[in-house]
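Asks:
There are 2 protein chains.
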Amino acid sequence: MAAVEDRRVRRTRAALRQAMVELVVERGYDRVTVRDVLDRADIGRSTFYAHYRDKDALFASCFEDLREGLQREMALLEGGRGGGPADPIKPISVIFEHAHRHPQIYRAVGTTHLHQMIFEVMRDHLCTHDDLRLPVDVAAEYHASALVGILGWWVRAGFPHGPAEMARMIRELTAGGLGHVTAP
Amino acid sequence: MAAVEDRRVRRTRAALRQAMVELVVERGYDRVTVRDVLDRADIGRSTFYAHYRDKDALFASCFEDLREGLQREMALLEGGRGGGPADPIKPISVIFEHAHRHPQIYRAVGTTHLHQMIFEVMRDHLCTHDDLRLPVDVAAEYHASALVGILGWWVRAGFPHGPAEMARMIRELTAGGLGHVTAP
DNA sequence: CCATAACCGAACACTCTGTTCGGAAGTGAA
DNA sequence: TTCACTTCCGAACAGAGTGTTCGGTTATGG
Chain H
1 MAAVEDRRVR
11 RTRAALRQAM
21 VELVVERGYD
31 RVTVRDVLDR
41 ADIGRSTFYA
51 HYRDKDALFA
61 SCFEDLREGL
71 QREMALLEGG
81 RGGGPADPIK
91 PISVIFEHAH
101 RHPQIYRAVG
111 TTHLHQMIFE
121 VMRDHLCTHD
131 DLRLPVDVAA
141 EYHASALVGI
151 LGWWVRAGFP
161 HGPAEMARMI
171 RELTAGGLGH
181 VTAP
Chain E
185 MAAVEDRRVR
195 RTRAALRQAM
205 VELVVERGYD
215 RVTVRDVLDR
225 ADIGRSTFYA
235 HYRDKDALFA
245 SCFEDLREGL
255 QREMALLEGG
265 RGGGPADPIK
275 PISVIFEHAH
285 RHPQIYRAVG
295 TTHLHQMIFE
305 VMRDHLCTHD
315 DLRLPVDVAA
325 EYHASALVGI
335 LGWWVRAGFP
345 HGPAEMARMI
355 RELTAGGLGH
365 VTAP
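Going down the list, the protein sequences come from chains H and E. At position 24 of the first sequence (counting the first as 1) the number is 24 in the numbering used here, and the numbers step up by one without a gap. Just remember that the numbering used here sits 184 ahead of the position in the second sequence, which is counted from 1.
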């Protein structure tokens, strides 16, 4: 049992994922067909279905690595210091930098997947400060939605502001809310 | 040229819209087919395409009345007093009450349409206070996304909190941000 | 070298879409 | 009530996309 799979498998999946991302960036998810992906990746039809159940499955797999990477960075941020949180806005800054470092894939990712991703990160982060005066889900949903909205806008607009400045703006906008949540 | 259209037209469109909303609530937009709508509404296939270009067009038409109603209420809110804004959170409260008054249709509306709707209302409202320290689009996108996220969560969860309390929570969460925006 | 696993591609059955057209039926006005 | 007009029906059709099957071909790793 090979720990790393057959080279053919690796190449096939990589080609499919890359073709998928390219096409979604060019046309948007709805306007991409399985046939398009096959042609672009130069992969046989039956081969595709041997690897992925359908278009959605391939699309989802495109972001697994991405999500794992982001979660690793977030965990590293919290694990670094056992004490209090250094900066309540720092995680947001990390997200913006992450997006800025992977432009094309963030351009392709739909708001749904992005929301899922950010929401989990956000809720995990909020759960560490449980002195809330509001239901956790409400706060998490609120901040996650706001952040995803801004993030999507930022990506679509072609990164007009730089990640640090974006983080600063978010701080301005969430000052009251997150302050209430995270202040002692 | 009749100001009010032929009764058959009215009945046909009403049946199609109602069937569409019901089915979307039951299964979600992607899992509803034109055939499903036809069967539920008991309308012929060719008749459907005589009224709407495709599924999207029918879906969009389902929310035109809704959007107009909400915009009317918002306009009435600002037009009532010529002076300063009574309460920066009031518009949000209006939105929540509007959603609470039309549960099933808000349950069906996708986040995309909802976002479009809320964003316009939000930007119009923010534009009246132009002493911003941030780009208007950023602020509007931020608050609109947050609100739509919460609204969607609230609707999906079956209105667990009552519109007034929701508005209060939003006030808590946006206190800093909107304060900076609307304060003199 | 060779057993094995992966790939190919053509063919197939299926679902959904959007259009066409002649005939049936409802509608509003006279 | 009559009647011209509009709308509706439904079957049929072409086209696009999906997901599966299967026998033959090719690359891989031991």
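Every residue gets a Cβ at the ideal spot worked out from N, C-alpha and C, and that includes glycine.
Within a Cβ cutoff of 7 angstroms, which residues of the same chain sit near Glu73 (chain H), ignoring the five residues on either side of it in sequence?
Replies: Hits under 7 angstroms: Val94, His98.
Asks: Are the C-beta atoms of Val138 (chain H) and some chain E residue less than 7 angstroms apart?
Replies: Val138 (chain H) counts as touching chain E.
Asks: Let me confirm a value: Val193 (chain E) is counted as buried when at least 16 other C-beta atoms fall within 10 Å, else exposed. Which label applies?
Replies: Exposed is the call here.
Asks: So Ile92 (chain H) and Leu147 (chain H) are supposed to be a Cβ contact under 8 angstroms. How far apart are they, rounded?
Replies: The Cβ separation is near 6 angstroms, so the contact holds.
Asks: Hey, how far is the Cα of Val121 (chain H) from the Cα of Val221 (chain E)?
Replies: So the alpha carbons of these two residues sit roughly 39 angstroms apart.
Asks: Got a sec, what are the start and stop residues for the alpha helix (DSSP H) Phe280 (chain E) sits in?
Replies: Taken as a continuous stretch (DSSP letters only), the alpha helix (DSSP H) holding Phe280 (chain E) covers 274–285.
Asks: 7 angstroms is my cut-off, CB to CB: does Leu318 (chain E) come that close to chain H?
Replies: By this cut-off, Leu318 (chain E) is an interface position.
Asks: Sorted by chain position, which residues of the same chain lie with C-beta nearer than 6 angstroms to Glu5 (chain H)'s C-beta, five sequence neighbours on each side aside?
Replies: So the list is empty, once near-sequence residues are dropped.
Asks: Report all residues from its chain with a CB closer than 7 angstroms to the CB of Pro184 (chain H); omit the five preceding and five following residues, and keep chain order.
Replies: Low local confidence applies: a pLDDT of 28 at Pro184 (chain H) is under 50, so the model's placement there is unreliable, and no value is given.
Asks: Taking only three categories from DSSP, how would you classify Pro160 (chain H)?
Replies: It is coil, neither helix nor strand.
Asks: Going by C-alpha distance, which of H:Ala14, H:Arg11, H:Ala15, H:Val25 is nearest Gln104 (chain H)?
Replies: The shortest Cα separation from Gln104 (chain H) among H:Ala14, H:Arg11, H:Ala15, H:Val25 belongs to H:Val25.
Asks: If the cut is a Cβ gap below 9 angstroms, which residues of chain H does Val332 (chain E) touch?
Replies: Residues of chain H passing the Cβ test: Ser145, Gly149.
Asks: Flag this pair as yes or no: are the beta carbons of Ile150 (chain H) and Tyr326 (chain E) separated by less than 7 angstroms?
Replies: Contact: yes.
Asks: Please decide whether Lys114 (chain H) counts as near chain E, where near means a Cβ-Cβ distance under 7 angstroms.
Replies: The identity of residue 114 (chain H) in the sequence shown is Leu, whereas the question assumes Lys. Judged by the 7 angstroms Cβ criterion, Leu114 (chain H) is not in contact with chain E.
Asks: Can you tell me which of E:Asp321, E:Gly336, E:Val320, E:Asp308 puts its alpha carbon nearest to the alpha carbon of Asp137 (chain H)?
Replies: For the residues E:Asp321, E:Gly336, E:Val320, E:Asp308, the minimum Cα distance to Asp137 (chain H) belongs to E:Gly336.
Asks: Based on Cα-Cα distance, which residue from H:Val21, H:Leu70, H:Ala75, H:Arg11 lies nearest to Arg107 (chain H)?
Replies: Considering only alpha carbons, the answer is H:Val21.
Asks: How is Leu260 (chain E) classed by DSSP in three states: helix, strand or coil?
Replies: Note: Leu260 (chain E) maps to helix in three-state DSSP.
Asks: Give me, in chain order, the residues of the same chain whose beta-carbon lies closer than 6 angstroms to that of Ala372 (chain E); leave out the 5 immediate sequence neighbours on both sides.
Replies: Outside the displayed range of chain E (185 to 368) lies residue 372 (chain E), so it cannot be described from this structure.
Asks: Mind checking if Gly84 (chain H) is an interface residue toward chain E, Cβ cutoff 7 angstroms exclusive?
Replies: For Gly84 (chain H), the pLDDT reaches just 47, beneath the cut-off of 50, and the residue's location in the model is therefore unreliable, although a value from the coordinates is still provided. It does not: the Cβ of Gly84 (chain H) has no partner Cβ on chain E nearer than 7 angstroms.
Asks: For a contact meaning CB atoms closer than 7 angstroms, what does Glu325 (chain E) contact in chain H?
Replies: Within chain H, the residues near Glu325 (chain E) are Gly149, Ile150, Trp153.
Asks: Determine, for Leu357 (chain E), whether the minimum Cβ-Cβ distance to residues of chain H falls below 7 angstroms.
Replies: For Leu357 (chain E), the answer is yes, since a Cβ of chain H falls inside 7 angstroms of its Cβ.
Asks: Nearest chain E C-beta to Met122 (chain H) closer than 7 angstroms, yes or no?
Replies: Chain E, which has no Cβ nearer than 7 angstroms to the Cβ of Met122 (chain H), makes this no.
Asks: Arg7 (chain H) to Leu70 (chain H), Cα distance in whole Å?
Replies: Going by the C-alpha atoms only, they are around 27 angstroms apart.
Asks: Answer with yes or no whether the minimum CB distance from Met117 (chain H) to chain E is below 7 angstroms.
Replies: Chain E, which has no Cβ nearer than 7 angstroms to the Cβ of Met117 (chain H), makes this no.
Asks: Indicate whether at least one CB of chain H lies closer than 7 angstroms to the CB of Met258 (chain E).
Replies: No, Met258 (chain E) does not count as interfacial toward chain H.
Asks: I need the boundaries of the alpha helix (DSSP H) containing Leu16 (chain H), first residue and last residue.
Replies: Residues 7–27.
Asks: Roughly how many whole angstroms lie between the Cα atoms of Val109 (chain H) and Thr231 (chain E)?
Replies: So the two alpha carbons sit approximately 37 angstroms from each other.
Asks: How many whole angstroms separate the CB atoms of Leu207 (chain E) and Val218 (chain E), which I take to be in contact at a CB cut-off of 8 angstroms?
Replies: Contact doesn't hold; Cβ gap of about 11 angstroms is too wide.
Asks: Who are the neighbours of Met20 (chain H) on chain E, taking C-beta pairs under 9 angstroms?
Replies: Ordered by position in chain E, no residue passes the 9 angstroms Cβ test against Met20 (chain H), which lies about 18 angstroms from the chain.
Asks: What residue does the alpha helix (DSSP H) around Asp220 (chain E) start on, and which one ends it?
Replies: Where Asp220 (chain E) is concerned, the enclosing alpha helix (DSSP H) stretches over 218–225.
Asks: Should Ala19 (chain H) and Arg45 (chain H) be called a contact, given that it needs their Cβ atoms to be closer than 7 angstroms?
Replies: The answer is no: Cβ separation not under 7 angstroms.
Asks: 7 angstroms is my cut-off, CB to CB: does Ala15 (chain H) come that close to chain E?
Replies: False, the Cβ-Cβ gap to chain E never drops below 7 angstroms.
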